[in-house]
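Residue numbers (the numbering used here): 2 to 414.
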């Protein structure tokens with residue numbers, strides 16, 4: 002389970018981080034003026050490689066004639082992803098890959114009207130999306146009043162608001178758009194709250210599930226507010242992407258952790274057996290990796306490169322990236338003898354491993370990161386083919402086994 006900080010402790014840590022920061026890196030994360038490990042884990046002291054202007058122009062022209070249904074289009078975009086998507090164009094690429102414009106045009110859902118509907122219960126509660134984090138305690142008090150029959154406000158709305166407000170505070174608390182009480186951060190928190198509550202209204206079957214705040218926050222770093230909403234819809238509803246990961250019971254992520262478990266067993270039996278001996282379950286780290294789409298990695302350019310892959314290949318890229326990371330950690334894990342030493346490495350992936358997880362073809366750029374080994378990148382052809390093929394077989398076997406167990410239980414009943 003993803004850890005959740007209390008409102009009071011989060012407020013104090015936010016204040017201390019704000020005082021210890023001296024600005025922001027080019028990705029928007031706070032720079033530290035002292036040895037703050039939480040800040041150091043995220044901020045970057047290197048610059049993003051400058052893209053080739055010719056390639057940028059070529060990509061822009063290509064996007065102008067984008068046809069998402071064409072295999073040729075997707076194979077061409079993969080070529081650009083291998084080189085590295087320029088930050089200024091990433092939003093356009095994601096919109097094309099997710100087919101956001103068509104999704105929005107085909108839907109009768111009105112984002113602005115939805116926001117008006119959400120504000121009405123907020124007004125009844127005496128709060129605003131611009132102050133939702135600071136009113137967590139009052140939301141909890143009101144929830145207690147509802148449960149005891151002292152208030153007739155809708156409990157479903159209140160529970161949703163409280164869950165999202167709690168997660169807003171812990172979603173990238175060192176990013177400039179979410180950090181502290183500056184105007185930019187207050188607006189960023191309000192946007193994130195609006196996108197998440199709108200999705201819960203748009204798809205009540207999924208609703209809000211912990212981990213979504215990280216995904217929506219990254220989308221808001223790249224896209225406009227309404228574009229981020231429709232991108233979230235595409236990611237969470239399309240079978241190609243994350244529709245099989247999120248549900249309130251967490252049964253779906255447990256299923257995919259089991260699939261990853263079997264995939265690792267097939268790919269690296271000795272590593273698999275070692276983790277089994279230490280009592281390390283795939284669910285212990287897969288939940289954080291998959292539900293937040295690897296946003297816990299320390300190198301944000303690696304995170305964005307992985308997201309580019311996910312936008313192109315969907316859930317297959319999520320599995321491929323997870324397997325790549327654990328293979329890069331293999332030698333360290335094999336030398337560990339206790340579960341207590343393995344889990345921190347898996348949950349807080351070391352910086353050097355995060356660098357290696359970056360698509361290997363970024364070595365086309367000159368600079369510090371040109372030493373990345375091609376064989377270890379997440380674009381490795383043998384890795385791509387093996388994972389995609391084996392993943393289908395394993396998912397089918399796991400699904401059949403679950404159905405058999407369910408039928409057995411029904412027969413016994």
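The C-beta atom is built at its ideal place from N, Cα and C for all residues, glycine as well. Everything numeric in this text was worked out from a predicted model, so none of it was measured.
- Counting C-beta pairs with one atom in each stretch, the stretch 50-70 and the stretch 196-214 have fewer than three that are closer than 8 Å, which means they do not touch.
- Residue pairing of residue 282 in beta bridges, as defined by DSSP: absent, with no partner found.
- Residue pairing for residue 262: DSSP places it in no beta bridge.
- DSSP places residue 32 inside the beta strand (DSSP E), whose first and last residues are 31-33.
- Between the stretch 99-109 and the stretch 127-141 there are fewer than three inter-stretch CB-CB distances shorter than 8 Å, so the stretches are not counted as touching.
- Contiguous alpha helix (DSSP H) elements confined to the stretch 182-241 occur at 184-203, 213-223 and 226-238, taking only those with 4 or more residues.
- Secondary structure at residue 45: coil, using DSSP grouped into helix, strand and coil.
- The stretch 267-285 makes no contact with the stretch 239-249, as fewer than three CB pairs between them are under 8 Å.
- Between the alpha carbons of residue 132 and residue 329 lies a gap of roughly 43 Å.
- Counting only unbroken stretches of 4 or more residues, the alpha helix (DSSP H) elements lying wholly within the stretch 101-153 are 101-107, 112-126 and 137-148, in sequence order.
- Contact check for residue 304 against residue 298 passes: the beta carbons are separated by less than 8 Å.
- When the five nearest sequence neighbours on each side are left out, the beta carbons in the same chain lying within less than 6 Å of the beta carbon of residue 30 are those of 43, 44, 175 and 176, in order along the chain.
- According to DSSP, residue pairing for residue 176 in a beta bridge involves 30.
- For residue 185, same chain residues with a beta-carbon under 7 Å away, outside a window of 5 residues either side, are 177 and 178 in chain order.
- For residue 51, no alpha helix (DSSP H) encloses it, and the DSSP letter there is neither H nor E.
- For residue 256, the closest C-alpha among the options 230, 234 and 288 is that of 288.
- Residue 319 and residue 294 have their alpha carbons spaced roughly 7 Å apart.
- Proximity to residue 296 across 212, 59 and 62 peaks at 212, based on C-alpha coordinates.
- Measuring C-alpha to C-alpha distances from residue 197 to each of 157, 180, 215 and 183 identifies 215 as the nearest.
- Residue 25 has 31 as its beta-bridge partners, per DSSP.
- Given a length threshold of 4 residues, each whole run of the alpha helix (DSSP H) inside the stretch 263-349 is given here in chain order: 270-279, 284-292, 301-314, 316-329, 331-335 and 340-348.
- Leaving aside the five residues that flank residue 161 on each side, the residues in its chain whose CB is nearer than 8 Å to its CB run, in chain order, 198, 201, 208 and 209.
- Between residue 129 and residue 231, the alpha-carbon positions lie close to 23 Å from each other.
- Closest by C-alpha distance to residue 312, out of 60, 276, 241 and 285, is 241.
- Secondary structure of residue 247 (DSSP, three-state): coil.
- Residue state for residue 87 is assigned as coil, using DSSP reduced to three classes.
- Taking 8 Å as the cut-off, the Cβ atoms of residue 159 and residue 126 count as close.
- Classified as buried, residue 166 has 16 or more neighbouring CB atoms from the shown chains inside 10 Å of its CB.
- Rounded to whole angstroms, the gap between the alpha carbons of residue 98 and residue 143 is 42 Å.
- Straight-line spacing of the CA atoms in residue 356 and residue 27 works out to 17 Å.
- Of 182, 340, 341 and 333, the smallest CA-CA separation from residue 353 is found for 333.
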